[in-house]
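Visitor: Before I ask anything, here is the structure I am working with.
There are 2 protein chains.
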Amino acid sequence: MNQSWTQRQRPERLERRIEFTDYQDTRNFLDKLNTLSQNRERFPDISFGRTYVNLTLHVKDNMSSLDSLDHDFAQQIDDLL
Amino acid sequence: MNQSWTQRQRPERLERRIEFTDYQDTRNFLDKLNTLSQNRERFPDISFGRTYVNLTLHVKDNMSSLDSLDHDFAQQIDDLL
Numbered sequence: 115m116n117q118s119w120t121q122r123q124r125p126e127r128l129e130r131r132i133e134f135t136d137y138q139d140t141r142n143f144l145d146k147l148n149t150l151s152q153n154r155e156r157f158p159d160i161s162f163g164r165t166y167v168n169l170t171l172h173v174k175d176n177m178s179s180l181d182s183l184d185h186d187f188a189q190q191i192d193d194l195l
Numbered sequence: 115m116n117q118s119w120t121q122r123q124r125p126e127r128l129e130r131r132i133e134f135t136d137y138q139d140t141r142n143f144l145d146k147l148n149t150l151s152q153n154r155e156r157f158p159d160i161s162f163g164r165t166y167v168n169l170t171l172h173v174k175d176n177m178s179s180l181d182s183l184d185h186d187f188a189q190q191i192d193d194l195l
């Protein structure tokens with residue numbers, strides 16, 4: 115998992131902000147993330163504008179804390195870049 | 115403009131939250147909004163998860179307050195539903 119992810123508490127989660135040069139780059143990333151989310155049935159909270167995306171990975175519904183699967187998913191998101 | 119938009123101050127903006135029944139409905143709406151945003155060259159701040167979308171329309175770069183164009187854009191977004 116890339117260092118640019120930040121692990122926060124209360125609630126435990128992973129956060130990352132990614133900046134893009136233009137809206138098309140932002141869209142290309144979001145489209146790839148959409149495919150990954152559907153394949154993994156994992157849907158991060160995403161906020162975006164024209165040239166940025168903020169991602170938040172919450173603990174999975176049936177879990178009480180983050181685990182290696184979450185860190186793997188974060189790595190897979192990094193690999194989209 | 116549909117009543118479900120809320121006008122807030124400091125900074126002046128329009129906000130709306132839309133709930134969807136499943137991820138596919140959320141994606142369909144976001145794809146239509148993407149087309150509208152590109153056509154209008156207006157890019158709201160968007161945050162979404164599996165079954166919700168939060169929209170924030172900020173005052174346009176060269177303006178100091180919201181105007182009828184912003185309210186029209188909000189109405190066009192409502193029309194996508």
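Here the protein sequences come in this chain order: X and E.
Numbers in the numbering used here are just positions in the first sequence, counted from 1, shifted up by 114.
Numbers in the numbering used here are just positions in the second sequence, counted from 1, shifted up by 114.
Glycine residues also receive a C-beta, built at the ideal position from the N, C-alpha and C atoms.
Just so we're clear, the structure is a prediction, and the values are computed from it rather than from any experiment.
Under 6 Å Cβ to Cβ from E/TYR166, same chain only, skipping five residues before and after it: list those, please.
Guide: Locating residue 166 of chain E in the second sequence gives position 52, where the first residue counts as 1. GLU133.
Visitor: Counting only C-beta atoms, is E/PHE157 closer than 8 Å to chain X at any point?
Guide: As a first step, residue 157 of chain E is located in the second sequence; it is residue number 43 there, counting from the start. Yes - at least one Cβ of chain X is within 8 Å of the one on E/PHE157.
Visitor: In the DSSP output, what is E/GLN121 paired with across the bridge?
Guide: Counting from 1 along the second sequence, the entry for residue 121 of chain E is found at position 7. Answer is E/LEU128, bridged to E/GLN121.
Visitor: Please report the straight-line C-alpha distance between X/ARG127 and X/MET177, rounded to a whole angstrom.
Guide: Counting from 1 along the first sequence, the entry for residue 127 of chain X is found at position 13. Counting from 1 along the first sequence, the entry for residue 177 of chain X is found at position 63. Their backbone Cα atoms lie some 12 Å apart in a straight line.
Visitor: Count the other CB atoms, across all protein chains shown, that sit within 10 Å of the CB of X/ARG131; report buried if there are 16 or more and exposed otherwise.
Guide: Here residue 131 of chain X corresponds to residue number 17 of the first sequence, with the count starting at 1. It counts as exposed.
Visitor: In angstroms with no decimal places, state the Cα-to-Cα distance between X/GLU155 and E/ASP139.
Guide: Your numbering for residue 155 of chain X matches position 41 in the first sequence. Your numbering for residue 139 of chain E matches position 25 in the second sequence. C-alpha separation (whole angstroms): 15 Å.
Visitor: Taking Cβ-Cβ distances below 8 Å as the criterion, which residues of the segment 161-186 of chain E are in contact with chain X?
Guide: For the segment 161-186 of chain E, which is checked against every Cβ of chain X, the residues closer than 8 Å are SER161, PHE162, GLY163, ARG164 and ASN168.
Visitor: Name the residues in the segment 138-158 of chain X whose C-beta lies less than 7 Å from a C-beta of chain E; which are they?
Guide: Flagged, chain order: ARG141, ASN148 and PHE157.
Visitor: Is X/THR135 helix, strand or coil by DSSP?
Guide: Here residue 135 of chain X is taken as the residue at index 21 of the first sequence, counted from 1. DSSP places X/THR135 in coil when its eight states are reduced to three.
Visitor: Taking X/ASN142 as the reference, which of X/LEU180, X/ARG124, X/LYS174 and X/PHE162 has the closest Cα?
Guide: Within the first sequence, residue 142 of chain X is the residue found at index 28, counting from 1. Measuring from the Cα of X/ASN142, the nearest candidate turns out to be X/PHE162.
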